[in-house]
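In this note's numbering, the protein residues as written are 1030 to 1893.
Beta carbons: idealized from backbone N, C-alpha and C, even for Gly.
Since the structure is predicted, the reported quantities are computational estimates derived from the model, not experimental observations.
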């Protein structure tokens, strides 16, 4: 766990998690400093005695938490609300006066509600079990000068760990050596691309988890290369331990005592704090300050009706001279119960259950019955970007060839389908490219005709690529490889220029002679291919290079700068122009790579050693840039427009880079396109990085003119702080997420929404709703259904009240009539009262609960 996140936290375990093995976070230390502070030997590792000592000091490398689900606590939660308490009192009184039928009906209603609630809450209390299942069972460590495989729970700070492809990282590790090393950190950051690590780097203390490139995180997966490092965090001290701690933590039950500028306080401030704490506790118990807005209103209504029922019972007793015989008591209780809508809980449960079943058809799976109605009340939605607002797959959007212009790919609903999405060309660089002048749509054949420059560029995209694309007869277009390579291969395939076309078959046109894989130290990859010439026995060898723009550009000496011209020496002005166009593409939210190549005039001898890498990757000719991005879902922009129309604000909280986050947010309508027209303080508050937001105190956040609509490089704690800030402004918040990193914020939000296809089990267990299609637009379906349920509940509550008031008034009017013994006459018997309350009233109420939504249900602000 990040050390700053752990300061001040406590633990009931023997090994106190506030004991940190390092003086400051590991990512801010060089690996030599980290090894020195941990007092370990980088070659031999720890001794057996040291391991035993550190196990006692730091505890086992496990995630702590409640070992079981408390059934008693769940049952108490179901009972602790005003409506249920009123029904329980009514049941007790009914049995007390031996009104068995009346008491039995009410008992059945209470039992039904408790059973449904317990079933759902019990299933939702297993988040910690899912989190523990992510950890690695073993790890490879150096101990006593020997390499050994040990159970992961026995790994301690200071252990030297070895990692290779396919391993699950057993603890938080400060890397000492890294060779082409990448890890999948989607469960921590939510971003789908593997993260390339750099053991030599050090970072500022406040650097977010997604940018700490010298740390391999516990429970992440190694996707490429190998590495060695020193363990700096185990158990609850890891980043995933921070998530577990957040899941275990609860909001403070005590109101803080007010203090003056110097920290002083007064006696009345203590009294004020304890008074507020007491009223909060009573409100939580009765349900008047927890739950959805509707639940709070119903709890207050139940208390009001209970008070009226008591008054009516007193009126009956007083009108009969306070006689204590059974007839008067039954009359008094029956009159009071006439004001209690006993069937309300049943009608609510059935209405929500029917709505839940209907939502399955609209891609919303409801895990907690009342969450659908709660979704209709949300005022703010905090959403992840990758896979929710976007498609979750990389797509090539732009390609710039200096002598030709900018190629653009139109919107596509199938990122792997090279036949979906139009191609266009405009003879302008990205720096001068507007949103309107993207050129006319052209066919791939027309664009390729007599265009050797484009063919050279496509050769690099297809050959300097480890991805393969094919069309399955049953499942459509399929690909294997890394997301970046797949996107570039799809771009080549749009021109029918894919790798398999040139390298497969009986007589392949191109044959690979050598490969220089991507290396984090040079940030590029190269291949050497020979091309068969049908008219000659000799073949022509070409070098194709792809990689980071700055690294590729520094190896280029020539460029084709103007149409129909030969390559010319590259000048400093040309280099600056290329970098400016790279920045222009990056501002669109694109990840930019460069393509280059040249003929290999000094091929290696057959059977000899391959050419040195530095000899291959030099004197290259610059071919162009390609820009990739994760495109928004086609329906996202429309869904966000509907949200704003319905009075709901949408916030993007993402682990992605600020430029990408801002570009996607503008594209889908989360932030306005004309940011320049907005006051600077408002515009600055709209888009922030996590480090900027986390540096603000709660008072500073509350003083912002508006809360951020976009937070980039988000850490789990940042999302929780954002939800807390919205709560302080009286907002009702929904949070979407799919990764383990999202689970604390899913728990903290009023409505947690997990992704069904790509969501982790931890996220699903922490949520109330699951989207079966991972689509933000499906949330709109849930909001519409929630508002329909809210409207219908209002209708049948009014109907119930009208009927109950009429029933109670009828009984009160009966007090005016006396029999021969001067006792009040029952106009309606207790059994008839129950029949009216449960059957005569209940069945029409169920009908009201099934009514369709009003046409304007999404054109008004949320109910509060």
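A residue is called buried when at least 16 other Cβ atoms come within 10 angstroms of its Cβ; residue 1174 does not meet this threshold and is exposed. Between the region 1750-1757 and the region 1772-1784, the count of Cβ pairs shorter than 8 Å is three or higher; the stretches touch. Minimum Cα-Cα distance from residue 1105 among the listed residues 1483, 1533, 1500, 1313 corresponds to 1313. A direct Cα-Cα distance of roughly 18 Å separates residue 1489 from residue 1509. Assignment of beta-bridge partners to residue 1666 by DSSP yields no partner. For residue 1883, there is no enclosing beta strand (DSSP E), since its DSSP letter is neither H nor E.
Per the C-alpha coordinates, the member of 1727, 1059, 1792 positioned closest to residue 1745 is 1792.
Within its own chain, the residues whose Cβ lies closer than 6 Å to the Cβ of residue 1365, once the five positions on either side in sequence are excluded, are 1338, 1341, 1342, listed in chain order. Nearest C-alpha to residue 1322 among 1399, 1610, 1216: 1399. Here DSSP, grouped into helix, strand and coil, assigns residue 1626 to strand. If one requires a minimum length of 4 residues, the alpha helix (DSSP H) runs lying completely within the region 1479-1522 are 1481-1492, in chain order.
Close CB contacts of residue 1233 within its chain, under the 7 Å cut and outside five residues either way in sequence, are with 1057 (chain order). A distance below 7 Å between beta-carbons, with the five flanking residues on each side excluded, links residue 1527 to the following residues of its chain, in chain order: 1491, 1498, 1518, 1521. Counting of Cβ neighbours within 10 angstroms places residue 1627 among the buried residues, the total reaching 16 or more. DSSP places residue 1206 in the uninterrupted beta strand (DSSP E) bounded by 1201-1213. Contact check between the region 1381-1395 and the region 1618-1632: fewer than three CB pairs, one atom from each, fall below 8 Å, which does not count as touching. Judged by their CB atoms, residue 1411 and residue 1697 are not nearer to each other than the 8 Å cut-off.
Shortest Cα-Cα distance from residue 1260 to any of 1686, 1275, 1090 involves 1090.
By the Cβ neighbour-count rule, residue 1347 is exposed, with fewer than 16 other Cβ atoms within 10 Å of its own. Inter-residue distance for residue 1138 and residue 1406 is about 26 Å (C-alpha atoms, whole angstroms). At a Cβ-Cβ threshold of 8 Å, residue 1769 and residue 1217 count as neighbours. Taken through DSSP and simplified to helix, strand or coil, residue 1361 comes out as helix. Ranked by how close their Cα comes to the Cα of residue 1453, the residues 1478, 1427, 1444, 1431 have 1427 in first place.
Contact between the region 1609-1618 and the region 1540-1560 is absent, with fewer than three C-beta pairs closer than 8 Å. Annotated three-state conformation of residue 1537 is coil, per DSSP. Between residue 1688 and residue 1142, the alpha-carbon positions lie close to 49 Å from each other.
Runs of the alpha helix (DSSP H) lying entirely within the region 1698-1772 and spanning at least 4 residues, in chain order: 1709-1715, 1719-1724, 1727-1732, 1745-1757. By the neighbour-count criterion, in which 16 or more other beta carbons inside 10 Å mark a residue as buried, residue 1127 falls on the exposed side. If you look at residue 1331, you'll find it in the alpha helix (DSSP H) that goes 1322-1348.
The beta carbons of residue 1367 and residue 1837 sit closer together than 8 Å. In terms of Cβ geometry, residue 1320 and residue 1767 do not form a close pair [threshold 8 Å]. The C-beta distance from residue 1224 to residue 1236 rounds to 13 Å, too long to meet the 8 Å contact threshold. Apart from sequence neighbours up to five positions away, the residues of its chain that approach residue 1771 with a beta-carbon distance below 6 Å are 1792, ordered along the chain. Using a Cβ distance threshold of 8 Å, residue 1201 and residue 1262 count as a contacting pair.
Taking a contact as a CB-CB distance under 8 Å, the pair residue 1258 and residue 1092 does not count as one, their CB atoms being some 21 Å apart. Going by DSSP, residue 1385 is part of the alpha helix (DSSP H) stretching over 1373-1389.
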